[in-house]
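Here my numbering is used: the first residue of the first sequence is 53, the next is one more, and so on.
For glycine and all other residues, C-beta sits at the position ideal for the given N, C-alpha and C.
Please read all numbers here as calculations on a predicted model, not as lab measurements.
This report concerns only the one structure given below.
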Amino acid sequence: MKKYDHLAIERKWQKEWSKAGLYKTPDSIKGKENFHLLVEFPYPSGNLHVGHWYAFALPDILARAERMRGKNVLYPIGFDAFGLPAENAAIKNKLNPRTWTEENIAYMKKQISSMGTSFDWSREVITCNPDYYKWTQWLFLQLFKRGLAYQKNTPVNWCPKDKTVLANEQVVDGRCERCDSEVVQKEMLQWNIKITDYADRLIDDLAPLNWPEQIKESQRNWIGRSEGAEINFPLEFAKKDIPKPNFLLLHGYKGSAKGSFKPWLKEELEKMGYNVQLPDMPNSAEPKESEQVQYIIDNCQIDESTIIVGHSLGGTVAMKILQKINRPIAGLVLVAPAIDSAFPGAEKRPFWKDFSWDIDYENLKKLCSFRVVLSDTLEKAHRGAYLKQLSEKLDAQFIEGQAKKEHFNGTEEPLVFAQLTPHITVFTTRPDTLFGATYLVLAPEHPLLRQGFGGQAWVDLLDNREEVVRYIALSAKKTDMDRQTNKEKTGVRLEGVEAINPATGEKIPVYIADYVLGHYGTGAIMAVPAHDERDFAFAKKYDLPIRQVITPAGKFVGELEGAYTGDGVMMNSGAFNGKTVAEGKEAVTEKLGSKKTTYKLRDWIVSRQRYWGVPIPIIHCEKCGDVAVPDKDLPVKLPDIKDYLPEGSGKSPLAKAKKWVTVKCPKCKGAAERETDTLDTFVDSSWYFLRYTDPKNKKEFASKDKQKNWMPVDLYSGGAEHTTMHLLYSRFWHKALFDMGLVSDSEPYTRRMNRSLILGPDGQKMSKSRGNVVDPDEVVARLGADTVRMYLAFIGPYSEVSSYPWNPNGVVGVRRFLERVWKVGQFTAGSLQSTENANIEPLLHRTIKKVGEDISALKFNTAISALMVLLNAIEKSGGITVKQWSIFLKLLSPFAPHIAEELWREAGNSTSIHLEEWPEFDPALLKDENVTIVIQINGKTRGEVQVPSDSDKSAVEKAARATVDARLVGQKISRTIVVPGRLVNFVVSEKV
RNA sequence: GCCGGAGUGGCGGAAUGGUAUACGCGCACGACUCAAAAUCGUGUCUCGCAAGGGAUGAGGGUUCGAGUCCCUCCUCCGGCACCA
């Protein structure tokens, strides 16, 4: 008998299949349904481990089975080829990262081929190739053009060892995910992507997806939506006595009273009891200075307590009004005002010719003492400097901050609000406890403290400025790590300022404390010590009043006796007394606050100060600001450089390529510089599956027609570590593209499964230092790819997340099975087949059914078990026909494609078994002639009996009765349950 | 602390509410062999000589019948966490 020579067989068939182009997948095949089976493409680290086998060879089982079942299956592969390791290796070994990467890819392709997977290599995608990253750049620019990618000065996670910025997701317990160094906070200008704009949809669209609950829940937690209210607390400074003003809000060019933040601002101010005038200006699309100024003077009331707030051109009008009426007012707040001709592009503005810019700054200063100019950092590049000059001429407080939308065009602009009347906005999920708010707490990094109010920086208005500044500096030094581990509450009271609880009118103290986080909510809280553990601890320490507002009807929180967290009734709450918590929330929000939803999710920082990545296709121009590289100039190719070491100052090594950096501005043709940061590799992997659908397209990232063949992905299999990173980013990316009409679905993946982990034989995670790494190449050489594939499939259900130790004996067990298959195959092919074996037929048909179902459910382990049961029976049966044997081989072929092919050919076939159809089972043949019926008495098994499987209920009962008759003596049968084909249960009681 | 998932032999695991422990590993014994390996066969939850009894993390419930459904609790794994 021939030996089972796995090496020869596997090599032979891998070559044959590749030669025949067996797995080259056409976009469509008439009459066949398409099925897109996606696995996360690997990073070209240079060596395949068992985890890769588990990731690629198991979904291949499904791919093969679906093909046999008549589907056109796309099982694509590629390489996620940008990233730090290539660069680190390049620095260490002094070679080009591209060379390193390409060599690794070549080697890994060989290794992957040894698995016998049915990948379609003709659609291979490699993210570091210019024909791919051209489109990464193009897609990034689409986001940029829609305001979804922006630059922001951000406190970022900085890894001192890798000398780069890390995304929040790459920081684990305050340490760098990669090198384990402690991460420090550093303020740097970074490219961000506005994933927060999609927070709601990313949560809401999860519900209908066919994803494991665990993944959905993790994403929901990560996004961390909570619904509550924002409430404004007016402040009173001891040092700054400000009489109650009224407000006149003026909109700008092409604006209206309904535009941008104005209606919101009016409502907020009115809630706090101020008078607000918000007129529509005449001819706002073709404004004339004299007309607008005169209209306001004629139609609005302006007196010494009026603060005029002008937005954009409205700011200019505000100055002109004051100049014209020439009598004192309370204040002038200019929100990004339109300014004189020094402003680039001003001459192109149509209103230019109708406005004069002769402003007597000295006179304006005399007429009002409260002067503020607000500038938005988002438009800083081309405006900030001029606004700064204006503020100097006016001797006004210059406030530079981040607007919600460029040029303060957001529907809410808290920065503007904050200048008009001193107040603190807090976020709370329990507005009903407002009556119990006995103090306020600001995060030390709260912007209000740095910004000015009424001509003075906020902190300067305090009596204990020094102490406060010291505390701010101290907490800035603390890492996130410290703040998380040391939960002892500290804080400093702000002396010389008090807040007014809008519900009770009571004056309450204001603190700064680092138990309040700057980046969450508004960075400020109302402390309700009676109903919050943290506030309680703080109140105890600083001896602050604790006031209960909900009856203690439910759960108690720790020491907080009487504190209520469930549903109950409000008390000590004025007009709200007697309302339930739910009613209270609603009522308080409506009357004293505004509804607000906050998220833990922060924007995605995508810039990396590294060489080996996609260059960000932006050009910085002094005059024009940040300009997108025009499509015709894409891709912005990564230049060859010699020194890959980062500068360490926060600049990418690309900054050293001076020639490459220096360019002409595409808009004004003036001198400009390229952005030198590169993109996070998660950007590359956010759309790679789209490229599979149309990998060679030179005109588009993927044509919509081609996408339609394969999108959305039918099943996406990957690692659990990507749950809140890649999976969230790529969902966001897809939604953004969907909104731009570039893709047809709002979700990219119909079904997702997370794969389990393969541990070392000792049950520990495989690692070189533990010496428990299983080398798949070695096992494949010794036992064969088919054995490794089947062993991994047999180890446990693929559909559930767990971790399985590699059992060297288990692999041998599977090899034994294949040896037995081989032996039976030799017998069948070598001799004339025995006569039709009818005894095996029912089992054979049951196995067809079970293996098919189990593969669909990704329960490869039970499918293989069924094949083993069948083989055991075949061996004992004394012989089967070639037809029966062929069915067995077909069932085996997705799991062990090489041996199945070899035996299939030996059984006399000239074409590949992998082009065969999946066998069909005959429902009539599923049942054996006889079935074993279990006989129970009072639910306990008391015997069994063989009956023909078509017996009716009474026949079964009769047979059962006869079998256990002896036991029923002296018993009364009160009920008999007959489950056909299964059991008979006699319910009996003692005869009395 | 909040949320999600899961607890079954010595191990990986199997069971449409219907014989708990399929299949494989390990182990024991036997056959073959001078011997060993490989292979094949038999056995292998537990108490009991047996008849029988008990067991799916613990306790309760629903049901003729519960590993499976419901309630309370315990443990492990995963996510979030000073998130207001």
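Burial check for V1021: the Cβ neighbour count within 10 Å stays below 16, so the residue is exposed. Residue state for N806 is assigned as strand, using DSSP reduced to three classes. Between the beta-carbon of G462 and that of A555 there is about 28 Å, and that puts the pair past the 8 Å contact cut.
Nearest C-alpha to K310 among F289, F947, D332: D332. Secondary structure of W937 (DSSP, three-state): helix. Sixteen is the threshold: when 16 or more other Cβ atoms of the shown chains lie within 10 Å of the Cβ of N806, as they do, the residue is buried.
Contact check for A1011 and V1031: beta-carbon distance about 14 Å, past the 8 Å limit, so the pair fails to qualify.
Per DSSP, S755 lies in no alpha helix (DSSP H) and is assigned neither H nor E.
Per DSSP, S1026 lies in no alpha helix (DSSP H) segment; the continuous beta strand (DSSP E) that holds it begins and ends at 1023–1031.
Note that the stretch 890–909 touches the stretch 112–122; at least 3 beta-carbon pairs, one per stretch, sit closer than 8 Å. When the alpha-carbon of L59 is set against those of D355, S80, F973, V831, the nearest one is in V831.
In the structure shown, M371 falls within a helical segment according to DSSP collapsed to helix, strand and coil.
Within the stretch 517–588, the complete beta strand (DSSP E) segments of 3 residues or longer fall at 544–552, 559–564, 576–579, listed in chain order. In the structure shown, Y250 falls within a helical segment according to DSSP collapsed to helix, strand and coil. Of the candidates L195, F93, L193, the residue whose Cα lies closest to the Cα of I157 is F93.
Within 10 angstroms of the beta-carbon of Q266 lie fewer than 16 other beta-carbons, which makes it exposed. The C-alpha of W656 lies about 10 Å from the C-alpha of F734. Y572 sits away from G543, with the two beta carbons spaced by 9 Å or more. When the Cα atoms are used, D732 and F192 turn out to be separated by approximately 11 Å. Sixteen is the threshold: since fewer than 16 other Cβ atoms of the shown chains lie within 10 Å of the Cβ of N415, the residue is exposed. The Cβ atoms of G636 and F628 lie closer than 9 Å to each other.
In the three-state DSSP reduction, V236 falls in the strand class (E or B).
By alpha-carbon distance to R227, the top candidate from M240, K213, L789 is K213. For the set S851, K1005, V345, the Cα lying nearest the Cα of L809 is the one of S851.
By the CB criterion at 9 Å, R804 and L780 fall outside the cutoff. Comparing C-alpha distances from S964 to each of N284, K942, S917 shows the shortest one belongs to K942. Fewer than three Cβ pairs drawn from the stretch 782–798 and the stretch 62–74 lie within less than 8 Å of each other, which leaves the two stretches out of contact. The C-alpha of L486 lies about 50 Å from the C-alpha of P667. Sequence-distant partners of E519 (beyond 5 residues in either direction) whose C-beta falls short of 7 Å from its own C-beta, in its chain, are V544. Scanning V478, V493, G557, D729 for the CA closest to the CA of Y594 turns up V493. By the Cβ test, the stretch 73–88 is not in contact with the stretch 135–152, since fewer than three Cβ pairs between them sit closer than 8 Å.
In this structure, the beta-carbon distance from A724 to K711 does not fall below 9 Å.
Look at E996 here: in three-state DSSP terms it is strand. Spatial neighbours of K54 in its own chain (CB-CB distance under 8 Å, excluding positions within 5 residues in sequence) are listed in chain order as Q878. Taking every protein chain shown into account, the CB of S782 has 16 or more other CB atoms within 10 angstroms, so this residue is buried. Secondary structure at H778: helix, using DSSP grouped into helix, strand and coil.
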